[in-house]
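Participant:
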Amino acid sequence: MDTDQEMQRLKGGLIILGVVLISGWFSFTELRYAVWGRQAEAVITNAEIGIERGRRGRETAVLNVTYSYQDQAGTQRNESESLPVDTHLSTGEKAMVSYLPGVERSTRLSGRPNYFAVIMFLVSIATMIGFIVWIARQANAPIPTSRHRRKGLS
């Protein structure tokens, strides 16, 4: 086997591992909301359209929403979030929020899960398993014989 092929396999494995770790972190965040998250009714205290600057100076219109709610301990919490501009929320309206008790800045409007991270995690795990199976098959494959063997010699 060529060392270039081995380096390519190593790089491929490291890339897959990196994707698994990064998507795993975001999936874990979703798991935290699913297992330990709490729901509360919030009141929208401010909803206004603003401009968010992205990479390379790209500007996108967003709906900046500020809301307040009481957590399970009875503490009044105020949070804000940037949403797509087509979200229909206005000042004074009530909305359900999800939050993690005892964790600062962990509030988000309910119904906004990050399924993309979970799907990427599952796809990257499946890819990693396939990669390991592929490497194992190649490692256990018989060594190919030379095509230029002379007839009559074993």
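Under this note's numbering, the residues of the sequence shown are numbered 139 to 292, in order. Beta carbons are placed, not taken as given, at the ideal position from N, Cα and C, and that holds for glycine.
Under three-state DSSP, which class holds Ala211?
Facilitator: coil
Participant: What separation, rounded to the nearest whole angstrom, lies between the Cα atoms of Arg275 and Met266?
Facilitator: 14 Å
Participant: Under DSSP, the alpha helix (DSSP H) around Glu144 begins and ends at which residues?
Facilitator: Thr141 to Trp174
Participant: Can you check whether the CB of Ala178 is closer than 8 Å to the CB of Ser228?
Facilitator: no
Participant: So Val200 and Leu221 are supposed to be a Cβ contact under 8 Å. How far apart are they, rounded?
Facilitator: 7 Å
Participant: Go through its chain and collect everything with a Cβ distance to Pro280's Cβ below 6 Å, but skip five positions before and after it.
Facilitator: Closer than 6 Å at Cβ, skipping near neighbours: no residue.
Participant: In angstroms with no decimal places, state the Cα-to-Cα distance between Val271 and Arg193.
Facilitator: 39 Å
Participant: Using the Cα positions of Gly249 and Gly195, report the straight-line distance between them to the nearest angstrom.
Facilitator: 30 Å
Participant: Just curious, the alpha helix (DSSP H) that Val261 is in, first and last residue?
Facilitator: It spans Tyr253 to Asn278 - the alpha helix (DSSP H) in which Val261 sits, taken as one unbroken run.
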